[in-house]
Amino acid sequence: MTLIDKIQDALKSKNIVIGFRESIRYIKMGDAKLIVMSNNIPVRMKKEIEHNAKVSGAKIETFNGNSMELGVVCGKYFPITALVIK
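Numbered according to this note's numbering, the sequence shown spans residues 2 to 87.
See below:
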């Protein structure tokens, strides 16, 4: 199963959290199974996500596309830098 398939399955089952701030919140609560970041996420955000994921034990994957392409995969018309699959 590809990363795009995982994201689309999570969207159908509504087990997804979109956005950097919301993603950080779910990672800190320990509810994140998979964290997806776009390949053009700012370094500060990337380091914060990586640190919190390491503490909570969540897996991180980098989407092979920029934030606009990640938004299109999610069916949104705005850029998405990070998302969490619960």
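Positions of the beta carbon are idealized from the N, C-alpha and C atoms, including for glycine. Quantities reported herein were computed from a predicted structural model and do not represent experimental measurements.
Taking one C-beta from the stretch 30-42 and one from the stretch 64-80 each time, how about it: are there three or more such pairs within less than 8 Å? yes
Per DSSP, M2 forms a beta bridge with which residues? DSSP output for M2 lists no bridge partner at all.
Residues bridged to V37 (per DSSP): For V37, which the question treats as bridged, DSSP gives the partners E62, L84.
Using three-state DSSP, classify I28 as helix, strand or coil. Reduced to three states, the DSSP call for I28 is helix.
Mapping the DSSP letters down to three states, classify I8 as helix, strand or coil. helix
I50 in three-state terms, based on DSSP: helix
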